[in-house]
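Reviewing the structure listed below.
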Amino acid sequence: MSHEKYSKVIEVLHECMEACNHCYSSCLKEDDLAHMRDCVRLDRECADICANFEQALTQGTDFVKEYAQLCVAACRACGDECAKHDHDHCQKCADACKKCADECEKLIA
Numbered sequence: 018m019s020h021e022k023y024s025k026v027i028e029v030l031h032e033c034m035e036a037c038n039h040c041y042s043s044c045l046k047e048d049d050l051a052h053m054r055d056c057v058r059l060d061r062e063c064a065d066i067c068a069n070f071e072q073a074l075t076q077g078t079d080f081v082k083e084y085a086q087l088c089v090a091a092c093r094a095c096g097d098e099c100a101k102h103d104h105d106h107c108q109k110c111a112d113a114c115k116k117c118a119d120e121c122e123k124l125i126a
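The structure is reproduced here in C-alpha cells:
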C-alpha cells in the first residue's frame, strides 16, 4: 500500500490535528476569548488541513507535494500564533505544529 511509505507523516499529521483540536477547545474556555481569536481560527484551519492531508495520504493521493505545501503553511501559521500564548495547550500545539511542518517539508523537496 502506498500510504505505508508515509507512515511517519501520517502519524505527525494526526498528532498535530489532535493538538490543534485540543487547543481550539481549550482556547474557547479562556477568560479573554477576544485575545485568543486568531489562535482559535488557526487551530481550526490547521486541524482540518492536517486531517484532510492524512486522509488523502491513506487514499493514495497524487497531490502529495501540494498538500504538503499547504500543510506546512498552515502549521507554521498556527504554531507561530500558539507560541505567543503561555497556556500549556497553546505551547503543546505550537510544538506539534512545528514537528508536523518539519516532517511535511521533507515531502516538498
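So the sequence shown is residues 18 to 126, counted in the numbering used here. In this text, a Cβ means the ideal position worked out from N, Cα and C, and glycines have one as well.
query, result
"DSSP-derived helix/strand/coil call for Phe80", "coil"
"Glu47 (DSSP reduced to helix, strand or coil)", "coil"
"Cβ pair count under 8 angstroms reaching 3, the region 86 to 106 against the region 54 to 72", "yes"
"Residue from Ala91, Thr78, Asp49 and Lys82 with nearest C-alpha to Met34", "Ala91"
"Boundaries (first-last residue) of the alpha helix (DSSP H) holding Ala118", "Asp105 to Glu122"
"Per-residue burial, Leu45 [other beta carbons within 10 Å of its own, 16 or more giving buried]", "exposed"
"8 angstroms Cβ cutoff met for Cys121 and Cys95", "no"
"Residue range of the unbroken alpha helix (DSSP H) whose run includes Glu62", "Arg54 to Thr75"
"Distance, Leu50 Cα to Ser24 Cα", "36 angstroms"
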